[in-house]
Every structure is written in structure tokens, then in C-alpha cells.
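Heads up: the sequence lines are chains A and B, in that order. With my numbering applied, the first sequence corresponds to residues 2 to 258, in that order. With my numbering applied, the second sequence corresponds to residues 10 to 286, in that order. Ideal Cβ positions, reconstructed from N, Cα and C, are used throughout, including at glycine.
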Amino acid sequence: MIYLPGSGILHRLHPLTKLAAALLIVVAASMFPSPPLLLGALALLLLLALAAGVARRLLPIMVSMFLPLIASLFLIQGVLFPPANATTLVALGPVRLTIEGLAFAGLIAGRLLVTGIALLLTLLTTHPADLVVGLGSIGLPRSAGYVLLVALQLVPDMVARAGAILEAQQSRGLEVGRGLARLRALPALVGPLLVGALSDVEERAMAIEARGFLSPGPKTSLRTLQDDAVQRAARLLFVLGVVAVVVLRVWMLRANP
Amino acid sequence: MDTTRPRSMNSIALALIPLAMAINIAIGTLATGTPIYLDSVGTVLVGALLGPWYGLLTGILSNVVWTLVFGNQIAIWFTPVAAAIGFIAGVAGRSHLFYRASPKWLSALVGAAFLFALTLFVLMFIARTFDNQGNAVFPTMQTLFAENGLIFVLALVAGAVAGYAVLQQAGYIGTIGLATGVLAALISAPISAYLFGGVTGAGTDLLVAAFQASGASIIQSVFAQGVVSDPFDKLTSFMLVWLAIQSLPRRLLARFPYGRSQPPREAAYTEAASSRP
């Protein structure tokens, strides 16, 4: 979970407003990946992160998430295997640095960064439960929302359990190194995890029944979301923007294939 | 007594699906350091016990959580792949394939046939030439066999031995796992090639690069990489669930819609249990 508690401008927005804005950015960056547009969006998003007070948390996540991806992208597309008929910029033996290869890698990397940061900004400033309540208000089934939130809570628990099983099997003399040794040890690690989870199912199912989750009738929620007319209008505008971008792209493809 | 309610999500499914989604992530972390991702064991488990639609749902929700909570923006684009895996596992579960023990010779046959097909695919891919219009021309089977006879014989033998020793009595579910891998490669290749330039930041990127070096386009290289690595990943996921289900007490399995209809054959039960380290 990457949510960072706070009270900046982004934290105060309705989850759906942020999600709609992120969607518009993702769609626009995917449909029109032009360098000036991507750079502009990148600058805007970073300014927004600074203003919202999440920049210090955003940067390390970005580095760990995007650095290997982008390094691999530049190495493969830009240096090792450039597109056919590419213009050579620098040649070093069999390795050629080409303009087209770098441009292609740069474009994809820019798009990844813009869409990634838009999503990360939304998630950093929205509590997952608020996100689910927000999605529920536009039609996400309650059971799906429940599953999402419970899974989220269970992940650290399950990862800890996996670690405990790993140590327990190691103490019994199981080789759990890396590579092939780890592969051979997997059944002994995965088995207890699955069996343990399945034996939890009955208790959890009874708890769900006992709390009346499946019984019909109106339900109330502990969490309420702040919303206002301006944000509702902005959301409508963002959604219309998404439609407009898609229509424009299709129209351009038709006119100039 | 039938405790499952068709058409509405019942409490067993509501309890199992989040656990399975957490298992996907936990086992994914256990598998770091191995050459496979192993991010769909939980999805396969739900399919095996609750059927295709719950399997599909688990696959979709897993990738949604991966993106919406952990900020992994790659995962959401591969939702169709996860959904397909869950669905196929569910069809296999509904057919009781997770309980049925296959004869060992069948496992050897499946192993041999798969490794043979994989070798054929890779050699075809590498040995193809281009005519003057740039269309790929594939070599004929005869020349391929004549030039690489030894490799094919080795692949057949290695596949048979691996099938016999590793798959053992999981021949049916192993076949499904391998087929799922090929399907996953088919679905994910266009996604990976168009959105990410064929790169996912994982070790398999090197394989993509190697295929590109032979003159293939990005999408062809990504597909070839997927066909080489995905079947082994999905095979492992299916096998792990198979092993776990073989060793589960019947009392536990009886709670799930597809966990009780077909009692495991006694031979398969003891064999699988004793082969666990």
C-alpha cells in the first residue's frame, strides 16, 4: 500500500475526481504520445506532486519502479536493436546508437512516466477505502469492493506468513537458495501457505454471514466522502475530455491513415 | 446439503478470493530469484475450487489491486491474461482434473511432445529467411529435421524424462498448464509490444532482445519469448495447486463446490504426498 496520509490539495479532493483526471492523462498520453505534450504533462504532474506535499515519497517509488524498466528499454530499443534503416549517431564497434532507436525508447519511456505518475499521485493521496467507497458510488458491486479491501489487508499478513514458512523449512534443513534450488523447494513452501489459507476460509465465511453482509436491504458505511458542485463539474469535464480525445484520435486516423 | 448459491457471490467465495489474491502476491515474492514469475497460484487455486467464473474474477481483481493499490501500472494492462488463466483453471477444476491422476507414461508423452514442439518453434523462428519482398520464408520440416536431428532427439528424450520425473501423475493438469502458457503468450504479446516496447523490466527482456537480434519485429520477439517462458511459469502454478490439493484433507476440500465431487484416487494421493520434500 503506497497511501501517504496528509492534508494537501490532492488529499482533499474526491477520489473520483482524481481518478477521472488520471484517466484523462493516461488516455491522452496513450493516444497522442508526442514529446512536447509528454514533457509538459510530466512537468505539470511533478509540480502537482510538490504542491500536494508527496514529492519526497513519489521520487523513490518512481526510481524503484521505472528505472529498471527504462534502462532495459533504452538498452534494447535504443542501443542493441534499433529499428531498421535507423540513422547512426555514434558507432562503437557492433553497437550503434541511433536517433530513431533513442527517439522510440524515449517516447515509450515518457509515456510510461506520465501515466505512471498520474496513477501514483492518485494512489498516494487517496486512502484505499475511500477509493472503494468512491467506486461503489458509481456502480462497483459491494462484494467486489469488499474483496479488494480485504485482499489489501491480507497481503502483509500473507507475505509475513510466507516468510515464516520459508524460515521454518530452512530450520528443518530445506535448501532454499536462489535459482533452481528455490524452484525445487517451492512445493514445500507453497503447500503450507495454501493449506493454511484454505483452513482460514471457513472462519472468514462464517464471519461474513454473521455480520449480515449477504443479507438484502440498505447498508450504511463508516466512511463518507467530501464532494461539491465544482468537483462534480470537473469530473464531468474530464470524462468528456476522455471521449473527445478518443474521438479526435479515431477521426485523425480516418483522415490521415 | 448444498451450501453454495449459484449466481450470487456466496460467503465461501467472498472469503477465499481475497485470500487467493494475497497468495498471488506472497508467492510472487517467494519466487523472486527463480526464473519464473509465479504470480497466479492463487488465481489457479480459486479456479480449481470454485470454477471458471470465480477464477476469472480473481484474475481480474488481482491485477486491479496490483495497480490500484500498489501502483504497478503494468499489471492492469495484462488483466485479460490473468482472467484467461483463472477461467481455464476453472474449467479444469469443473472437470475434476485437479483430482484425476494420469498414468506416468502419459506425462512422459506430454513432456516429450511439448519440448519437441517448443524446439521446432524456436528453430523455425531462428532459421527462417526473408524473400526479396521482406516476407518471412520458413524452412521445410525435412531440412530442419535433417540439419538438427540430434537436437530434436535430445528434446524428445529430455521432455520424456522431465515429464516422467517432474509431472509424474499430474499429466492432465500439466497439459492444461502448458496450453495455458501458450495462450497467455498469445494474449500478452500485442499488449507488451504496443504499450511497453516489448520490455517489462524482468529478466525475460534478454530473451526478447535475443529474438530481435535474429531480425524479428518487436511483437514477434515478444510472442516468441512468451512461448518459450510462459508455459513453464503456468505449468509450475498449476502443478503447485495440484500438489496442494492432493495433500489437503478431504474435510477441508468438501467445503468447495468443485472440491468434493471426485475423491482423489488412493494411489495419486499417497504418491504425491510422499514425493513432497
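W62/B and G102/B do not touch by the CB rule: their CB atoms are close to 11 Å apart, not below 8 Å. The beta-bridge partner set that DSSP reports for L98/A consists of V91/A. For a Cβ distance threshold of 9 Å, nothing in chain A lies close to S201/B: the least Cβ distance comes to about 11 Å. When the alpha-carbon of L124/B is set against those of G56/B, W86/B, V236/B, T138/B, the nearest one is in V236/B. In the pairwise beta carbon analysis, the segment 244-263 of chain B is classified as touching the segment 44-59 of chain B: at least three pairs are separated by under 8 Å.
In the displayed model, T213/B falls within coil according to three-state DSSP, outside both helix and strand. Close to chain B, meaning a Cβ-Cβ distance shorter than 7 Å, are the following residues of the segment 188-211 of chain A: P188, A189, L190, V191, G192, L194, L195, V196, A198, L199, S200, D201, V202, E203, R205, A206, I209, E210. As the crow flies, the alpha-carbon of G140/A is around 15 Å from that of L149/A. Residue environment: R233/A is assigned as exposed (fewer than 16 neighbouring CB atoms within 10 Å of its CB, all protein chains considered).
Look at the segment 95-136 of chain A and you find these whole runs of beta strand (DSSP E), each 3 residues long or longer: 96-99. Here the alpha carbons of A230/A and G218/A stand approximately 29 Å from one another.
According to the DSSP assignment, A235/A belongs to the alpha helix (DSSP H) that extends over 230-256. At least one CB atom of chain A sits nearer than 8 Å to the CB of G206/B. For the pair of segments examined, the segment 94-109 of chain A was found not to touch the segment 120-132 of chain A: the number of CB pairs separated by less than 8 Å stays below three. Here DSSP, grouped into helix, strand and coil, assigns T76/B to helix. By the neighbour-count criterion, in which a residue is buried when 16 or more other Cβ atoms sit within 10 angstroms of its Cβ, V133/A is buried. With respect to the 8 Å criterion, P148/B and M133/B are classified as neighbours on the basis of their beta carbons.
R109/B and R13/A have their C-alpha atoms roughly 55 Å apart.
Closer than 8 Å to the CB of P34/A there is not a single CB belonging to chain B. When C-alpha distances from L127/B are compared across L262/B, P258/B, L65/B, S238/B, the shortest belongs to S238/B. If you check each beta-carbon in the segment 115-138 of chain B against every beta-carbon of chain A, none falls closer than 8 Å.
Bounds of any alpha helix (DSSP H) do not take in Q178/B, whose DSSP letter is neither H nor E. The beta carbon of P61/B does not come within 8 Å of any beta carbon belonging to chain A, so the residue lies off that interface.
L223/A and H105/B have their C-alpha atoms some 42 Å from each other.
The C-beta of V156/A comes closer than 8 Å to at least one C-beta of chain B.
In the DSSP assignment, R205/A falls within the alpha helix (DSSP H) that extends over 181-211. Distance from the Cα of W75/B is smallest, within the candidate group Q227/A, R236/A, V247/A, L120/A, for L120/A. The alpha-carbon separation between A182/A and G186/B amounts to approximately 22 Å.
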